[in-house]
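Protein sequence lines correspond, in order, to chains A and B.
Here full-length UniProt numbering is used: position 18 in the first sequence is 18, and no number is missing along the way.
Here full-length UniProt numbering is used: position 24 in the second sequence is 24, and no number is missing along the way.
Every residue gets a Cβ at the ideal spot worked out from N, C-alpha and C, and that includes glycine.
These numbers come from a predicted model, not from an experiment.
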Amino acid sequence: MTDAVAAQPVEAAKNSSSSAPETMSWDSRSRRVVLIYLPLACFVLILLFPFYWMSLTALKPNGELLNYKANNPFWVKSPTLDHIYHLLFNTAYPKWLWTTMIVAICSTFLSLLASTLAAYAIERLRFKGSSYTGLGIYLAYLVPQSILFIPLATVIVQFGLFDSPLALILVYPTFLVPFCTWLLIGYFKSIPYELEECALVDGATRLQILRRVTLPLAVPGLISAGIFSFTLSWNEFIYALAFIQSSSNKTVPVAILTELVTGDVYQWGALMAGSLLGSIPVALFYSLFVDYYVSSLTGAVKE
Amino acid sequence: MASTTVAAWDGEHARPGLLTRVFDNKAFLIVVCLTPAIGLLLVFLSYPLALGVYLAFTDKTIGGRGGWVGLENFSYLLSDPVWWSAVFYSVFYTGVATIGKFALGFWLAILLNNHLPFKSLIRAIVLLPWIVPTVLSAIAFWWIYDPQFSIISYLAVDVLGVRDKNFDFLGTPWSARFSLIAANIWRGIPFVAISLLAGLQTISPSLYEAAMLDGATGWQRFRHITLPMMMPILAIVMTFSIIFTFSDFQLVYAITRGGPVNSTHLLATLAYQRGITSGELGEGAAIAVSMIPFLIFATLFSYFGLGRRKWQQGSDND
Numbered sequence: 001m002t003d004a005v006a007a008q009p010v011e012a013a014k015n016s017s018s019s020a021p022e023t024m025s026w027d028s029r030s031r032r033v034v035l036i037y038l039p040l041a042c043f044v045l046i047l048l049f050p051f052y053w054m055s056l057t058a059l060k061p062n063g064e065l066l067n068y069k070a071n072n073p074f075w076v077k078s079p080t081l082d083h084i085y086h087l088l089f090n091t092a093y094p095k096w097l098w099t100t101m102i103v104a105i106c107s108t109f110l111s112l113l114a115s116t117l118a119a120y121a122i123e124r125l126r127f128k129g130s131s132y133t134g135l136g137i138y139l140a141y142l143v144p145q146s147i148l149f150i151p152l153a154t155v156i157v158q159f160g161l162f163d164s165p166l167a168l169i170l171v172y173p174t175f176l177v178p179f180c181t182w183l184l185i186g187y188f189k190s191i192p193y194e195l196e197e198c199a200l201v202d203g204a205t206r207l208q209i210l211r212r213v214t215l216p217l218a219v220p221g222l223i224s225a226g227i228f229s230f231t232l233s234w235n236e237f238i239y240a241l242a243f244i245q246s247s248s249n250k251t252v253p254v255a256i257l258t259e260l261v262t263g264d265v266y267q268w269g270a271l272m273a274g275s276l277l278g279s280i281p282v283a284l285f286y287s288l289f290v291d292y293y294v295s296s297l298t299g300a301v302k303e
Numbered sequence: 001m002a003s004t005t006v007a008a009w010d011g012e013h014a015r016p017g018l019l020t021r022v023f024d025n026k027a028f029l030i031v032v033c034l035t036p037a038i039g040l041l042l043v044f045l046s047y048p049l050a051l052g053v054y055l056a057f058t059d060k061t062i063g064g065r066g067g068w069v070g071l072e073n074f075s076y077l078l079s080d081p082v083w084w085s086a087v088f089y090s091v092f093y094t095g096v097a098t099i100g101k102f103a104l105g106f107w108l109a110i111l112l113n114n115h116l117p118f119k120s121l122i123r124a125i126v127l128l129p130w131i132v133p134t135v136l137s138a139i140a141f142w143w144i145y146d147p148q149f150s151i152i153s154y155l156a157v158d159v160l161g162v163r164d165k166n167f168d169f170l171g172t173p174w175s176a177r178f179s180l181i182a183a184n185i186w187r188g189i190p191f192v193a194i195s196l197l198a199g200l201q202t203i204s205p206s207l208y209e210a211a212m213l214d215g216a217t218g219w220q221r222f223r224h225i226t227l228p229m230m231m232p233i234l235a236i237v238m239t240f241s242i243i244f245t246f247s248d249f250q251l252v253y254a255i256t257r258g259g260p261v262n263s264t265h266l267l268a269t270l271a272y273q274r275g276i277t278s279g280e281l282g283e284g285a286a287i288a289v290s291m292i293p294f295l296i297f298a299t300l301f302s303y304f305g306l307g308r309r310k311w312q313q314g315s316d317n318d
């Protein structure tokens with residue numbers, strides 16, 4: 001018994017790469033392969049497969065697509081850009097991308113503005129009931145879009161915004177602001193209050209403090225809130241489906257489903273090309289800032 | 001003359017203009033700062049929410065004026081087998097998908113918590129299904145589930161030879177239900193895994209060392225250290241997950257639109273079909289409102305889950 005106890009820390013030290021080493025029953029390397037790398041490889045494979053399949057289909061000529069038994073379905077012999085060409089030049093796809101981009105950028109900007117001010121007021125100006133205001137805004141995040149879209153559609157019609165991208169720009173912040181505010185409160189909290197006090201003593205006004213001291217220090221938080229907002233508004237579907245009618249004002253996710261799916265014969269090549277092109281902007285945007293994204297996601301949960 | 005000298009000497013601080021003085025009034029500043037956020041939420045969230053509850057008690061149609069009909073919409077729903085099927089499938093979908101997401105996501109988080117080469121690259125890859133718009137990946141799943149060209153059928157029939165005909169994923173009620181759940185789990189794993197990974201990293205390794213000195217097995221360490229330490233985070237992440245799975249719309253709308261024979265309608269897709277497609281706004285609103293009791297239940301669960309730790313806001317209250 002004492003031997004086992006004495007041996008354990010040695011094992012632990014030897015196998016420092018694993019956070020929870022166990023008594024070694026067989027060679028630790030093959031054990032790691034079976035217990036960690038193999039399952040991890042399966043996860044990565046399954047999580048990525050639909051994207052591979054999407055890209056492959058987008059590049060496959062129709063002949064190979066339909067006669068899949070004669071060709072290896074997991075590879076493409078003679079890749080073609082026909083589907084992408086068709087999408088870009090025979091459909092309104094560029095317009096849809098443009099609309100989606102405008103809506104995502106404007107609603108992100110609006111949400112960042114509103115939630116920065118709100119988070120600053122709640123975390124830094126501290127007033128009676130500020131924590132309840134914060135809680136209220138946070139709870140708004142838990143109201144799902146699928147409860148709201150029917151009454152919101154009548155509100156949008158009342159405001160004369162039906163079928164206008166402006167409706168989406170104004171409505172998306174309802175689910176972006178709660179999340180961004182929550183995230184930014186956490187960031188403002190991490191900035192020492194003494195910095196602002198010093199600035200106050202030096203005679204700076206509150207707005208100057210916000211602009212020159214607090215905001216520059218909160219830039220990482222602003223970036224991650226921006227990425228969240230951008231990807232969430234790019235992803236949004238039900239409002240865009242319910243509030244937009246004319247083909248040219250649709251966003252990419254809605255347009256692909258409602259404009260490219262025609263009749264009983266699905267144009268899988270074009271559908272997959274559309275999905276691929278619609279995914280690339282967010283994937284690119286996200287890969288540029290992935291570290292901010294992951295750390296703020298984990299931070300938001302941890303806090 | 002003197003004032004300009006002072007101004008030049010002390011820059012912009014010397015003569016506070018009206019605007020600056022107004023903005024230094026704390027109460028005024030608080031109102032100004034909160035107005036955009038609260039205004040947006042009141043006009044486009046609280047008001048529609050109240051309006052939705054009101055609409056649920058009217059027979060309003062698109063383009064028509066609705067009159068108060070009391071509980072008529074709800075009593076109609078209670079007698080409607082399609083609504084009951086949507087309630088059943090919403091609960092079933094949420095239950096099975098949540099269990100699947102958390103079991104697999106927790107496992108993935110534990111795997112990612114090891115020291116791995118290319119750790120950040122793997123994390124970035126793992127999050128991808130969560131970043132890409134749901135509808136677009138749902139279309140990819142639709143294509144994977146295609147009756148004629150499904151790659152899964154190809155593997156089973158032509159490569160492995162374990163079946164003699166293609167799977168009909170979306171053709172029969174139960175296979176369609178499970179196909180949607182599989183797609184939902186696929187999409188939910190990354191968020192669960194990354195969030196739980198954050199929780200795992202806060203657990204001090206010394207706890208595990210102490211447990212190992214006491215001779216605890218791997219399962220015992222998981223059961224008595226990992227799980228209790230993870231409870232608060234599990235509660236939060238699970239509430240989010242339950243709320244958004246229960247109110248899911250995109251995946252079902254993109255892949256089956258509620259078919260075959262209404263078997264895969266969630267409450268949200270049924271509300272869309274009745275409220276927007278058929279124009280019965282009142283009835284659609286009633287279906288949407290019927291989701292609220294469940295969501296309140298999940299939110300209370302979240303509140304008490306959060307209450308076990310210091311919530312972000314409340315750190316100086318407790």
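Residue closest to L112(B), alpha-carbon to alpha-carbon, out of F43(A), G203(A) and A140(A):
Ranking the options by Cα distance to L112(B), first place goes to F43(A).
Do P173(A) and P129(B) have their CB atoms nearer than 9 angstroms?
Not closer than 9 angstroms, so no.
Under DSSP, the alpha helix (DSSP H) around L111(B) begins and ends at which residues?
Under the DSSP assignment, L111(B) falls in the alpha helix (DSSP H) whose first and last residues are P81 to L112.
Mind reading off the beta-carbon distance from V177(A) to E196(A)? Whole number of angstroms is fine, and I expect it under 8 angstroms.
In fact, because the Cβ distance is near 23 angstroms, the residues do not count as touching under 8 angstroms.
Count the other CB atoms, across all protein chains shown, that sit within 10 Å of the CB of L19(B); report buried if there are 16 or more and exposed otherwise.
Under this definition L19(B) is an exposed residue.
Cβ pair count under 8 angstroms reaching 3, the stretch 226-245 of chain A against the stretch 55-75 of chain A:
No contact exists between the stretch 226-245 of chain A and the stretch 55-75 of chain A.
If you scan the stretch 31-87 of chain A from start to end, which runs of the beta strand (DSSP E) of 3 or more residues do you find wholly inside it?
For the beta strand (DSSP E) assignment, the stretch 31-87 of chain A encloses no uninterrupted run of at least 3 residues.
Against chain A, which members of the stretch 21-36 of chain B pass a CB distance test of less than 7 angstroms?
Answer in chain order: F23, D24, K26, L29, I30, C33, L34 and P36.
For the stretch 98-109 of chain A and the stretch 164-173 of chain A, state whether three or more C-beta atom pairs, one from each stretch, are separated by less than 8 angstroms.
Taking a cut-off of 8 angstroms on C-beta distances, the stretch 98-109 of chain A touches the stretch 164-173 of chain A, as three or more cross pairs fall below it.
Pair every Cβ in the stretch 283-293 of chain B with every Cβ in the stretch 64-76 of chain B, then say whether three or more of these pairs are closer than 8 angstroms.
Contact holds: three or more Cβ-Cβ distances are below 8 angstroms.
Could you tell me whether the Cβ of R29(A) comes closer than 9 angstroms to any Cβ of chain D?
You won't find chain D in this structure, because its protein chains are A and B.
For Q201(B), count neighbouring C-beta atoms within 10 Å of its own C-beta (all shown protein chains included) and say buried if the count is 16 or more, exposed if not.
With fewer than 16 other Cβ atoms from the protein chains shown falling within 10 Å of its own Cβ, Q201(B) counts as exposed.
Proximal residues of chain A, C-beta to C-beta of V132(B) below 7 angstroms:
Within chain A, the residues whose beta carbon sits less than 7 angstroms from that of V132(B) are S279, V282 and A283, listed in sequence order.
Minimum Cβ-Cβ distance from L108(B) to chain A less than 9 angstroms:
Yes, L108(B) lies at the interface with chain A (some Cβ there is under 9 angstroms from its Cβ).
CA-CA distance, R163(B) and L257(A)?
Spanning the alpha carbons of R163(B) and L257(A) requires a straight line of approximately 32 angstroms.
Nearest-angstrom Cα distance between F57(B) and I276(B)?
Each residue's alpha carbon lies about 17 angstroms from the other.
Among I36(A), N249(A), L40(A) and I244(A), the one whose alpha carbon lies nearest that of I125(B):
Considering only alpha carbons, the answer is L40(A).
Out of curiosity, what's the CA-to-CA distance linking residue 321(B) and Y47(B)?
There is no way to answer for residue 321(B), as the model of chain B reaches only from 1 to 318.
What do you get for P192(A), buried or exposed, if any count of 16 or more other CB atoms within 10 angstroms of its CB means buried?
With fewer than 16 neighbouring CB atoms inside 10 Å of its own CB, P192(A) falls in the exposed class.
Quick check on DSSP: helix, strand or coil for T58(B)?
Residue state, collapsed to three classes: strand.
Please state whether the Cβ-Cβ distance between L55(B) and I150(A) is less than 9 angstroms.
Remark: C-beta atoms of L55(B) and I150(A) approach each other more closely than 9 angstroms.
I want to verify the contact list: residues of chain B whose CB lies under 9 angstroms from the CB of K69(A), in sequence order.
Those within 9 angstroms of K69(A) in chain B are Y154 and D158.
Exposed or buried, what is S246(A) when buried is set at 16 or more other beta-carbons lying within 10 Å of its beta-carbon?
By the neighbour-count rule (16 or more Cβ atoms within 10 Å), S246(A) is not buried but exposed.
Going by DSSP, what residues sit across from W68(B) in a beta bridge?
Partner residues in the beta bridge of W68(B), as assigned by DSSP, are T58(B).
By Cβ distance below 8 angstroms, which residues in the same chain neighbour Q64(A) in space, the five residues on each side in sequence not counted?
The question names Gln, but residue 64(A) is Glu in the sequence shown. Result list for E64(A): N71, V76, K77 and S78, in chain order.
Below 6 angstroms CB to CB, which residues in the same chain sit around Y141(A) once its five sequence neighbours on both sides are set aside?
Hits under 6 angstroms: P178 and F179.
Rounded to the nearest angstrom, what separates S224(A) and F222(B) at their Cα positions?
Those two C-alpha atoms are separated by around 32 angstroms.
If you count every other CB in all the chains shown that lies within 10 Å of the CB of F89(A), and 16 or more means buried, which is it?
That one is exposed.
How about P228(B): is its C-beta nearer than 9 angstroms to some C-beta of chain A?
Taking a beta-carbon distance threshold of 9 angstroms, P228(B) does not count as an interface residue toward chain A.
Under 7 angstroms (Cβ pairs) to chain B, residues found in the stretch 219-248 of chain A:
The stretch 219-248 of chain A vs chain B, Cβ under 7 angstroms: T231, W234, N235, F237, I238 and A242.
Compare the C-beta of I243(B) against all C-beta atoms of chain A and say whether one is closer than 9 angstroms.
By the rule that beta-carbons nearer than 9 angstroms mark a contact, I243(B) touches chain A.
Does DSSP put residue 366(B) in a helix, in a strand, or in coil?
Lying before the first or after the last residue shown, residue 366(B) is absent from chain B, which here runs from 1 to 318.
Check K26(B) in the structure and name its three-state DSSP category.
In this structure, K26(B) counts as helix in the three-state DSSP scheme.
Between L125(A) and R274(B), what straight-line distance do the alpha-carbon atoms span, to the nearest angstrom?
Rounded to the nearest angstrom, the two C-alpha atoms are 46 angstroms apart.
Under DSSP, the alpha helix (DSSP H) around M101(A) begins and ends at which residues?
Taken as a continuous stretch (DSSP letters only), the alpha helix (DSSP H) holding M101(A) covers Y93 to Y120.
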